[in-house]
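A.B. asks: Chains as they are written, first to last, in the UniProt record's numbering: chain A, 1 to 389; chain B, 1 to 389; chain C, 1 to 389. For each residue, glycine too, the CB sits at the ideal point set by N, CA and C. I have a structure here, written as structure tokens, and I will follow up with some questions on it.
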Amino acid sequence: MIFVGFGFLMVFLQRYGFSSVGFTFLLAAFALQWSTLVQGFFHSFHGGHIHVGVESMINADFCAGAVLISFGAILGKTGPAQLLLMALLEVVLFGLNEFVLLSLLGVKDAGGSMTIHTFGAYFGLVLSRVLYRPQLEKSKHRQGSVYHSDLFAMIGTIFLWIFWPSFNSAPTTLGDGQHRTALNTYYSLTASTLSTFALSALVGRDGRLDMVHVQNAALAGGVVVGTSAEMMLTPFGALVAGFLAGTVSTLGYKFFTPILESKLKVQDTCGVHNLHGMPGVLGALLGVLVAGLATHEAYGDGLESVFPLLAKGQRSATSQAMHQLFGLFVTLIFASVGGSLGGLLLRLPFLDSPPDSQCYEDQIYWEVPGEHEDLAQGPLRAEEPETRA
Amino acid sequence: MIFVGFGFLMVFLQRYGFSSVGFTFLLAAFALQWSTLVQGFFHSFHGGHIHVGVESMINADFCAGAVLISFGAILGKTGPAQLLLMALLEVVLFGLNEFVLLSLLGVKDAGGSMTIHTFGAYFGLVLSRVLYRPQLEKSKHRQGSVYHSDLFAMIGTIFLWIFWPSFNSAPTTLGDGQHRTALNTYYSLTASTLSTFALSALVGRDGRLDMVHVQNAALAGGVVVGTSAEMMLTPFGALVAGFLAGTVSTLGYKFFTPILESKLKVQDTCGVHNLHGMPGVLGALLGVLVAGLATHEAYGDGLESVFPLLAKGQRSATSQAMHQLFGLFVTLIFASVGGSLGGLLLRLPFLDSPPDSQCYEDQIYWEVPGEHEDLAQGPLRAEEPETRA
Amino acid sequence: MIFVGFGFLMVFLQRYGFSSVGFTFLLAAFALQWSTLVQGFFHSFHGGHIHVGVESMINADFCAGAVLISFGAILGKTGPAQLLLMALLEVVLFGLNEFVLLSLLGVKDAGGSMTIHTFGAYFGLVLSRVLYRPQLEKSKHRQGSVYHSDLFAMIGTIFLWIFWPSFNSAPTTLGDGQHRTALNTYYSLTASTLSTFALSALVGRDGRLDMVHVQNAALAGGVVVGTSAEMMLTPFGALVAGFLAGTVSTLGYKFFTPILESKLKVQDTCGVHNLHGMPGVLGALLGVLVAGLATHEAYGDGLESVFPLLAKGQRSATSQAMHQLFGLFVTLIFASVGGSLGGLLLRLPFLDSPPDSQCYEDQIYWEVPGEHEDLAQGPLRAEEPETRA
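Encoded structure:
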């Protein structure tokens with residue numbers, strides 16, 4: 001799921017398809033191995049051995065997800081060696097952050113609104129800030145999509161949509177808890193899809209829809225219930241959350257991304273702030289709210305598996321909510337510090353950073369069939385004439 | 001499955017890829033929510049609450065399937081507001097029809113030959129008849145496919161193929177019944193694939209194959225065993241059924257679709273009559289036959305789960321067969337009346353129906369990268385020169 | 001999985017997309033039916049009836065896999081009738097070879113390093129040798145890829161990658177054995193992905209990556225543990241095996257495929273020798289090694305399910321290793337003799353072999369939208385100008 005979904009979601013750039021899919025593949029394979037080791041040290045290190053199993057595969061998958069989210073923020077502006085270095089650092093910090101949240105603070109975050117989405121997004125955004133390129137205008141003509149690349153990206157969207165309920169419910173307790181998580185995610189996704197279409201038409205020129213919104217914002221519903229899907233969110237709550245997430249995300253693409261670039265000097269290629277950043281924070285806050293409302297009556301016997309500390313009487317619902325909120329702060333701090341550190345590392349001069357005029361371009365890293373001249377006359381020509389005229 | 005399969009299956013039109021995938025996504029998200037409510041009222045309304053669960057997700061998925069089948073008949077000739085209105089009506093009638101068949105008449109239809117395929121196809125076809133456009137010739141040049149759009153459509157075909165056995169067996173009883181359903185569907189699909197290739201070469205110019213046949217008719221084997229896969233169809237029966245369905249469907253594309261348009265004034269964009277209509281009716285009749293042949297000896301203890309009324313002695317096999325046949329009539333009536341009603345609704349003047357010269361065109365509803373002028377020189381240009389010359 | 005993965009993996013040829021996907025579909029549907037019958041005779045023929053079930057579906061799937069691997073070696077140089085004839089023969093020999101190995105010799109080969117990959121690859125390669133076309137140069141200009149066809153091929157790669165752990169573990173014993181198989185496969189795949197990227201950059205011009213390597217060699221890790229994933233390979237062993245397989249496979253594409261064609265007169269369109277041949281043989285040898293090291297202590301109660309003959313004391317670990325090695329020889333002999341026989345059959349003059357100048361061309365077998373003239377100006381034009389100039 002990680003591969004297909006994220007790989008193709010990023011393939012929308014007209015001349016960067018090989019890199020989007022290829023580097024996703026490379027980063028994911030590396031992050032899966034490295035995070036199995038790192039998380040093994042934190043979670044399942046017994047007597048000199050790391051215990052692996054299906055659970056460690058899921059954990060590693062989640063970590064790879066966070067790395068790929070960060071990749072989305074710097075897509076097209078970094079080389080493979082830079083990306084591997086980023087993954088090397090991010091996987092460690094991801095493991096540390098997750099360990100602090102889940103094991104030390106007793107925070108609940110099954111679908112990773114905090115640990116995956118918020119962490120991955122702000123790590124990438126801060127990193128992108130440090131790598132700010134004032135001359136990126138030179139590669140602007142390659143930053144759009146072409147017709148078929150948008151269709152490829154929709155393959156990614158639809159895959160993520162379909163598998164998101166399983167994704168959020170993978171680490172939850174079997175049985176009722178898992179059903180509830182899947183259903184809440186599913187309702188939230190349907191709601192965010194509808195609100196995305198509605199908002200996209202509302203803010204579009206002549207009421208026309210924008211493929212970028214549909215590709216991304218429709219998925220915000222899955223992000224926003226990452227923390228709370230496991231809890232007693234109720235279907236109505238999931239619908240409202242999804243509706244809000246789709247709205248915020250679509251408006252973010254339309255109005256906030258340009259400001260982010262011009263004012264805050266954050267160049268966010270895939271708009272991860274809109275799909276993962278804001279919905280992730282919203283999801284964490286929603287988790288605070290729903291955890292604060294938890295009662296023995298509402299959960300019954302299920303309380304034991306969702307909030308074990310509440311069930312044992314070691315913590316009140318309000319205290320759990322405060323811990324959740326504190327977890328969000330910790331995540332933001334880890335992401336910011338980590339992103340800054342990562343940015344400084346990636347600016348090391350001997351790395352393979354592309355020049356400003358060669359961003360979003362496959363040919364620096366790949367053998368491209370037909371090479372430059374032929375390509376310009378071929379399937380990727382759509383926007384080329386404009387930039388030459 | 002619904003999303004990937006149907007979305008990409010319809011993406012074959014050269015200038016309508018965004019709308020095909022996007023509106024599929026929109027319609028599916030809307031139909032899933034709305035049908036959860038509607039079917040909840042019919043099936044699981046207890047004490048003021050609708051009970052949801054995995055079963056209601058599967059039911060809603062099936063209903064979304066029927067809506068998307070109808071969408072196939074009017075693809076390219078309707079706007080998103082029209083489509084949502086259609087879904088609003090169709091979901092209610094789908095729920096009503098299913099309730100009458102399954103709960104009142106005791107008809108068996110696990111894979112939905114009647115409730116999904118026959119209903120969806122004839123609803124869409126009657127609706128397309130009411131919306132008949134005599135001037136559609138003006139958009140004819142956009143109605144073909146281009147090379148890459150046909151490959152995208154094959155993604156849809158192959159997905160539907162792979163998941164069809166699970167699709168047909170999803171609502172059946174666990175264990176033997178589910179295995180039997182999956183195997184029967186699988187044999188039928190392999191047979192329809194082979195007969196489609198054979199027929200397509202036979203009726204093609206110089207024995208050449210037609211991608212439209214392969215994309216669609218190969219799937220007819222899954223439709224035709226929708227009712228009977230759960231029953232004692234036997235592998236041989238499944239192979240014969242699949243072979244027939246592939247044959248009928250391929251011949252339908254070649255000879256019947258043109259007649260349907262010229263004589264009966266039904267413009268069937270995706271050929272849903274060939275893939276869902278005829279195979280659906282065939283499948284319902286096959287269900288009549290197989291139900292009429294049911295005996296206690298053949299089913300053993302399994303009779304209880306497949307035909308509970310027979311097992312309890314409340315109905316004879318012949319009576320069950322008659323009920324199945326009556327179910328088909330009820331479905332056709334619901335579909336025809338519903339489709340007419342829907343057509344009249346969709347002709348309301350304030351809706352967003354595209355003009356005759358702008359059918360099968362993404363640009364009315366979407367921001368298309370590179371816009372019209374560039375596109376004409378770009379990847380979608382293949383058939384353009386002809387129509388201009 | 002078979003369909004999506006193999007179908008799209010072969011779609012990289014610029015003018016052969018319809019045939020790659022379409023014939024994969026046709027061959028798979030045919031092979032599934034035919035191998036259900038053939039394997040039914042070998043494995044589950046009781047009292048005049050063949051017993052079918054989920055197990056026979058998996059077996060048939062594996063057999064279809066071998067047929068599609070052979071298809072990869074002769075892709076673009078054979079017509080559909082030739083391919084069906086090949087499948088007719090290969091399915092029988094596959095069943096026979098598998099029966100000899102698994103039932104008579106007591107060889108273990110859960111993921112089919114020998115029965116699927118080695119057999120399929122060498123069957124196809126020998127067949128390709130017999131069908132050698134000295135004039136193939138005439139179609140050389142169509143043998144490359146274009147930008148979007150490479151992206152389509154990546155869909156295949158990523159699907160195969162994701163489903164390979166399930167593929168290898170499908171026929172193993174439920175529980176511990178299945179978990180171990182999936183994990184070993186997964187570690188091996190991550191390792192082969194990394195080594196492929198590293199090697200591809202090392203041997204590439206200016207350190208640039210080659211999409212062909214990423215599409216194929218990254219999967220070699222799944223092939224190489226086909227025999228041994230079920231055994232006590234240990235994660236470290238899986239990583240080493242995957243690393244080696246990715247290395248060998250990438251080097252094979254770069255250096256060995258050209259030699260294979262010029263010196264040995266084997267025209268291997270998809271490079272199946274690199275992805276399935278060499279890693280398959282390596283995997284078989286790895287199986288010999290790991291089987292030879294099997295002890296009661298390492299496997300505990302699991303020995304019964306992995307090596308039943310060892311558990312019963314009827315065979316020593318060394319003897320099991322010798323049987324594994326002998327199994328590889330038997331497979332190579334079956335594949336060579338079968339491939340030669342198949343080649344002679346396919347040279348029968350009344351079959352639909354394409355002329356030398358029309359290889360890798362869809363238009364002989366398919367109705368292609370826009371036909372030749374328009375296509376040349378459309379999305380597939382990228383490399384056309386060169387060949388005309």
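Going by the DSSP bridge assignment, what does W366(B) pair with across the sheet?
C.D. replies: L209(A)
A.B. asks: Measure from the alpha carbon of L341(B) to the alpha carbon of each residue in G22(B), F25(B), S19(B), Q82(B), then state which is nearest.
C.D. replies: Q82(B)
A.B. asks: Please compile the residues from chain E whose C-beta is within a distance smaller than 7 Å of the C-beta of P235(B).
C.D. replies: In the displayed structure, chain E is absent; the protein chains listed are A, B and C.
A.B. asks: Within a Cβ cutoff of 6 Å, which residues of the same chain sit near V266(A), ignoring the five residues on either side of it in sequence?
C.D. replies: Here V266(A) has L125, S128, R129, L260 as same chain residues with Cβ atoms under 6 Å from its own Cβ, once five neighbours each way along the sequence are excluded.
A.B. asks: DSSP on L348(C), reduced to helix/strand/coil?
C.D. replies: Of the three classes helix, strand and coil, the one that applies to L348(C) here is coil, per DSSP.
A.B. asks: Can you find a CB in chain A that lies within less than 8 Å of the CB of A41(B)?
C.D. replies: What sits at residue 41(B) in the sequence shown is Phe, not Ala. Between F41(B) and chain A, the shortest Cβ-Cβ separation is not below 8 Å.
A.B. asks: Among F42(C), P354(C), M322(C), W366(C), which has the Cα closest to the Cα of Q135(C)?
C.D. replies: The residue with the shortest Cα to Cα distance from Q135(C) is P354(C).
A.B. asks: Does the separation of the CB atoms of T269(C) and L89(C) fall below 8 Å?
C.D. replies: The Cβ atoms of T269(C) and L89(C) lie no closer than 8 Å to each other.
A.B. asks: Quick one: what does DSSP say S113(A) is sitting in, helix, strand or coil?
C.D. replies: If DSSP states are grouped into helix, strand and coil, S113(A) belongs with the helices.
A.B. asks: Of all Cβ atoms in chain B, is any one closer than 8 Å to the Cβ of D150(A)?
C.D. replies: yes
A.B. asks: Going along chain C, which residues have a C-beta under 8 Å from V214(A)?
C.D. replies: By Cβ distance, chain C contributes nothing, its closest Cβ being about 20 Å from V214(A), past 8 Å.
A.B. asks: Secondary structure at S316(C), three-state DSSP: helix, strand or coil?
C.D. replies: coil
A.B. asks: Could you check whether the Cβ of A389(A) sits closer than 8 Å to any Cβ belonging to chain C?
C.D. replies: Note that A389(A) scores a pLDDT of 27, beneath 50, so its modelled location is shaky; the value from the coordinates is reported in the next line. By this cut-off, A389(A) is not an interface position.
A.B. asks: Compare the C-beta of G378(A) with all C-beta atoms of chain C and state if any pair is closer than 8 Å.
C.D. replies: Here the model assigns G378(A) a pLDDT of 37, short of 50, so the residue's position is not dependable, and the following value carries that caveat. Answer yes: the Cβ-Cβ gap between G378(A) and chain C drops below 8 Å somewhere.
A.B. asks: Measuring only between beta-carbons, confirm whether Q33(C) sits less than 8 Å from chain B.
C.D. replies: Interface with chain B (8 Å Cβ-Cβ cutoff): Q33(C) is included.
A.B. asks: How would you label H213(A), buried or exposed, when you count the other beta carbons within 10 angstroms and need 16 or more for buried?
C.D. replies: buried
A.B. asks: Quick test of the definition: if touching needs 3 or more C-beta pairs under 8 Å, does the stretch 221-239 of chain C touch the stretch 189-204 of chain C?
C.D. replies: yes
A.B. asks: For F99(A), return the contacting residues in chain B, with the cut-off set at a CB-CB distance below 8 Å.
C.D. replies: Going along chain B, no residue has its Cβ under 8 Å from F99(A), so there is no contact; the nearest lies around 33 Å.
A.B. asks: Provide the residue span of the alpha helix (DSSP H) that contains F99(B), from first to last.
C.D. replies: No alpha helix (DSSP H) contains F99(B), which DSSP labels as neither H nor E.
A.B. asks: Just to confirm my understanding: we take A311(B), look at its own chain, exclude 5 residues before and 5 after, and list those with CB closer than 7 Å. What are they?
C.D. replies: The residues are L303, E304.
A.B. asks: Would Y67(B) count as contacting chain A if we go by Cβ distances under 8 Å?
C.D. replies: It should be pointed out that residue 67(B) corresponds to Val in this sequence rather than to Tyr. By this cut-off, V67(B) is not an interface position.
A.B. asks: Would you check if the distance between the CB atom of M195(C) and the CB atom of T257(C) is smaller than 8 Å?
C.D. replies: The displayed chain sequence assigns Ser, not Met, to residue 195(C). No, Cβ-Cβ distance for S195(C) and T257(C) is not below 8 Å.
A.B. asks: Flag this pair as yes or no: are the beta carbons of S139(B) and Y360(B) separated by less than 8 Å?
C.D. replies: yes
A.B. asks: Please name the residues in the stretch 18-29 of chain A whose beta-carbon is closer than 7 Å to at least one beta-carbon of chain C, in chain order.
C.D. replies: F18, V21, G22, F25, L26, A29
A.B. asks: State whether the stretch 328-346 of chain C contacts the stretch 101-121 of chain B, with contact taken as three or more CB pairs (one from each stretch) at a distance under 8 Å.
C.D. replies: no
A.B. asks: Compile a chain-ordered list of the residues in the stretch 152-164 of chain A whose CB is closer than 8 Å to at least one CB of chain C.
C.D. replies: F152, I155
A.B. asks: What runs of the beta strand (DSSP E), each 3 residues or longer, lie entirely inside the stretch 135-198 of chain C?
C.D. replies: none
A.B. asks: Report buried or exposed for Q320(B), applying the criterion of at least 16 other Cβ atoms within 10 angstroms of its Cβ.
C.D. replies: buried
A.B. asks: Can you find a C-beta in chain B that's less than 8 Å from the C-beta of Y360(C)?
C.D. replies: no
A.B. asks: Could you compute how far the alpha carbon of A317(C) sits from the alpha carbon of Y132(C)?
C.D. replies: A317(C) and Y132(C) have their C-alpha atoms roughly 43 Å apart.
A.B. asks: Residues of chain B with CB closer than 7 Å to the CB of Y365(C), please, in chain order.
C.D. replies: R208, L209
A.B. asks: Can you list, in chain order, the residues of its chain with a C-beta nearer than 8 Å to that of L37(B)? Leave out the 5 residues immediately preceding and following it.
C.D. replies: I50
A.B. asks: Are H179(A) and V54(B) closer than 8 Å when you measure CB to CB?
C.D. replies: Judged by their CB atoms, H179(A) and V54(B) are nearer to each other than the 8 Å cut-off.
A.B. asks: So, with DSSP's three-state summary, where would you put L293(B)?
C.D. replies: It is coil, neither helix nor strand.
A.B. asks: May I ask you to report which of helix, strand or coil DSSP gives residue 390(B)?
C.D. replies: Only positions 1 to 389 of chain B appear in this structure, which leaves residue 390(B) out of reach.
A.B. asks: Among V240(C), H296(C), G292(C), T227(C), which residue has its Cα nearest to the Cα of V281(C)?
C.D. replies: Out of V240(C), H296(C), G292(C), T227(C), T227(C) has the C-alpha closest to the C-alpha of V281(C).
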